[in-house]
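Comments concern the structure below.
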Ligand code: EPZ
């Protein structure tokens with residue numbers, strides 16, 4: 312298994328191109344199942360999760376191709392891909408594929424809407440929590456689907472097609488919002504989704520569906536109204552820049568010091584996280600080409616944070632922010648409200664010398680003057696990257712094991728960081 316070796320203590324200076332967002336690319340790729348035309352997606356990051364989703368879509372009969380070479384070797388590494396679901400050959404998403412990546416469960420929405428049937432494995436729990444699928448089931452039932460659970464699979468059918476309805480999410484869910492928006496696009500009549508997720512990835516998907524001929528209004532607010540249409544066509548659409556990658560590198564600079572331009576990053580996608588970072592002492596400015604993050608000399612100030620659905624502070628930046636707070640000048644409290652078990656990084660940050668205590672969903676972090684490099688590992692993507700950024704600021708050598716987690720969500724992490732002066736390399740097993 313590959314490892315990442317870091318020798319900490321260097322400032323980051325230079326530019327980092329921000330890739331297309333993993334969490335926008337995945338639902339956009341799944342939307343290809345809604346049409347028998349070709350969906351072309353630009354700025355798709357080259358990541359293990361994207362590759363895994365092409366295998367899952369391939370199993371349903373989707374043709375996949377990559378346009379030419381990388382868009383620009385200078386400006387990032389994301390690619391343009393074409394997906395064509397002209398012939399859906401199988402409406403089953405099997406356990407061995409769905410269990411590798413939870414988002415593949417989302418195929419249930421387009422399959423039931425277009426094919427009127429789907430058999431999709433339940434994804435099971437994962438490292439960050441139990442992550443149930445009750446909202447998907449309730450929501451699709453509200454649109455008239457019949458759903459049964461049989462031997463670990465959801466068997467869904469809607470022989471006469473889905474019918475629009477009003478559905479109030481009892482809890483904000485990004486995935487269930489994506490799925491109901493896709494399903495309702497091909498339902499008969501009007502669907503109103505209330506308490507919908509407002510994440511930028513939902514807006515990116517709605518914009519794409521509208522280009523494909525859907526009639527969706529209100530994405531980005533908590534009420535989304537969808538007028539069902541008979542069919543959708545192909546389109547060409549661009550994946551938004553990755554706000555979590557942006558926030559991660561911004562926190563890395565805040566931690567190591569230095570001056571980095573995050574090229575292609577968009578301030579409007581992460582205003583809360585950027586304002587927390589400036590409270591912590593980073594200088595953030597918006598430039599034409601992206602977001603500049605600087606920290607010179609002054610120490611890191613402690614800031615309390617609670618994760619919330621968008622536009623609140625994102626759970627996907629909680630681990631990285633905790634990494635930053637381990638070196639703050641004082642005590643901070645970080646509360647996780649989205650997932651019940653998203654603190655796996657705590658014990659590993661402690662191996663680097665961090666002082667963190669946990670009580671329920673709140674971590675209390677007492678900043679230390681220095682971290683010291685060590686061997687660490689993590690069981691999820693964002694936890695792993697928090698160890699990388701802590702390692703960049705720690706004295707001496709840090710080795711991060713289980714790099715495959717990083718490969719799921721960070722495109723060319725070592726290249727981007729070493730391009731700014733970090734000493735970081737991948738050691739292949
Ligand atoms: C998306 O997951 C992201 N994944 C996650 O990013 C992100 O952490 C999460 O949204 C929250 O922002 C992708 O976009 C691929 P949810 P999702 O449904 O859609 C509960 C990363 O590191 N819930 O918004 O699966 C759920 O258990 C990943 O890139 C139910 O109770 O998250 C959680 O507590 C990790 N029942 C809360 O809602 C349901 O039926 C929010 O989850 C569905 C969800």
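Numbering (my numbering), first residue to last: 312 to 740.
Note that beta-carbon positions come from the ideal geometry of N, C-alpha and C, so glycine has one too.
Just so you know, these numbers come straight off a predicted model, no measurement behind them.
Does DSSP put residue 367 in a helix, in a strand, or in coil?
-> If DSSP states are grouped into helix, strand and coil, residue 367 belongs with the helices.
Distance, residue 616 Cα to residue 671 Cα | If you draw a straight line from the Cα of residue 671 to the Cα of residue 616, it is about 15 Å long.
Pairwise C-alpha distance: residue 420 and residue 451 | When rounded, the distance between both Cα atoms is 8 Å.
Cut-off 6 Å between Cβ atoms - residues of its own chain near residue 316, not counting five sequence neighbours on either side = Closer than 6 Å at the Cβ level, and outside the excluded window around residue 316, lie 710, 736, 738.
Can you give me the start and stop residues for the alpha helix (DSSP H) that residue 700 sits inside?
-> In the DSSP assignment, residue 700 falls within the unbroken alpha helix (DSSP H) covering 692 to 704.
By DSSP, does residue 382 sit in helix, in strand, or in coil?
-> For residue 382, the predicted model reports a pLDDT of 44, less than 50, meaning its position is unreliable; a value from the coordinates is still stated below. Residue 382 falls in the coil class under three-state DSSP.
Would you kindly check if the distance between the Cβ of residue 373 and the Cβ of residue 343 is under 8 Å?
-> At the C-beta level, residue 343 and residue 373 come within 8 Å of one another.
Buried or exposed for residue 460, please, with buried defined as at least 16 other CB atoms from any protein chain shown within 10 angstroms of its CB.
-> Exposed is the call here.
Bridge partners - residue 468, DSSP secondary structure assignment | DSSP links residue 468 through a beta bridge to 428, 457.
Under the rule that 16 or more other beta-carbon atoms within 10 Å means buried, what is residue 470, buried or exposed?
-> Residue 470 should be labelled exposed.
Helix, strand or coil for residue 564, going by three-state DSSP, please let me know.
-> Residue 564: helix per DSSP, three-state reduction.
Between the C-alpha atoms of residue 375 and residue 674, what's the straight-line distance to the nearest angstrom?
-> In this structure, the CA atom of residue 375 is about 43 Å from the CA atom of residue 674.
In or out: residue 695 buried (at least 16 other Cβ within 10 Å) or exposed?
-> Residue 695 is classed as buried because its beta carbon has at least 16 other beta carbons within 10 Å across all chains shown.
Could you check which residue in 314, 636, 685 has the C-alpha nearest to that of residue 668?
-> Looking at 314, 636, 685, the one whose alpha-carbon comes closest to that of residue 668 is 636.
Rounded to whole angstroms, what's the CA-CA distance from residue 713 to residue 410? Just pull it up for me.
-> CA-CA distance, residue 713 to residue 410, rounds to 18 Å.
Whose C-beta lies closer than 7 Å to the C-beta of residue 689 among residues of the same chain, with five residues either side of it excluded?
-> The beta carbon of residue 689 sits closer than 7 Å to those of 655, 656, 659, 695, 698, 713, 716, all from its chain and outside the five residues before and after it, given in chain order.
Which class does residue 387 belong to by DSSP, given the choice of helix, strand or coil?
-> Confidence at residue 387 is low in this model, with a pLDDT of 45, below 50, so the placement of that residue should be treated as unreliable; the coordinate-derived value is given next. Note: residue 387 maps to coil in three-state DSSP.
My understanding is that residue 720 touches residue 358, with C-beta atoms under 8 Å, so please give their C-beta distance in whole angstroms.
-> Yes, they are in contact, since the Cβ atoms of residue 720 and residue 358 sit about 6 Å apart, within 8 Å.
Return the chain-ordered ranges of every alpha helix (DSSP H) run that is complete within the stretch 317 to 370 and spans a minimum of 4 residues.
-> Listed in chain order, the complete alpha helix (DSSP H) runs (minimum 4 residues) inside the stretch 317 to 370 are 333 to 342.
Could you check if residue 366 is buried or exposed, using at least 16 other CB atoms within 10 Å of its CB as the buried criterion?
-> Exposed: under 16 other Cβ atoms inside 10 Å.
Beta-carbon proximity check, residue 751 vs residue 514, cutoff 8 Å | Beyond the ends of the chain as shown, which are 312 and 740, falls residue 751; an answer cannot be given.
Should residue 355 be listed as close to ligand 1, given that the test is whether its C-beta is under 7 Å from any heavy atom?
-> Residue 355 Cβ: outside cutoff for every heavy atom of ligand 1.
Within this structure, are the beta carbons of residue 432 and residue 463 separated by less than 8 Å?
-> Against a cut-off of 8 Å, the Cβ pair of residue 463 and residue 432 comes out as a contact.
Using three-state DSSP, classify residue 474 as helix, strand or coil.
-> The answer is strand: DSSP assigns residue 474 an E or B state.
Of the listed residues 318, 331, 321, nearest to residue 573 (C-alpha basis) | Nearest to residue 573 by C-alpha distance, out of 318, 331, 321, is 331.
Tell me which same chain residues have a C-beta within less than 6 Å of the C-beta of residue 479, skipping the five on either side of it?
-> Cβ within range, chain order: 505, 506.
Examine ligand 1 and report whether any of its heavy atoms sits within less than 7 Å of the Cβ of residue 725.
-> In this structure, residue 725 has its beta carbon at no less than 7 Å from each heavy atom of ligand 1.
Helix, strand or coil for residue 420 per DSSP?
-> Helix at residue 420.
Own chain partners of residue 644 with C-beta closer than 6 Å, once the 5 adjacent residues on each side are dropped | The beta carbon of residue 644 sits closer than 6 Å to the beta carbons of 615, 673, 675 from its chain, once the five residues preceding and following it are set aside; these are given in chain order.
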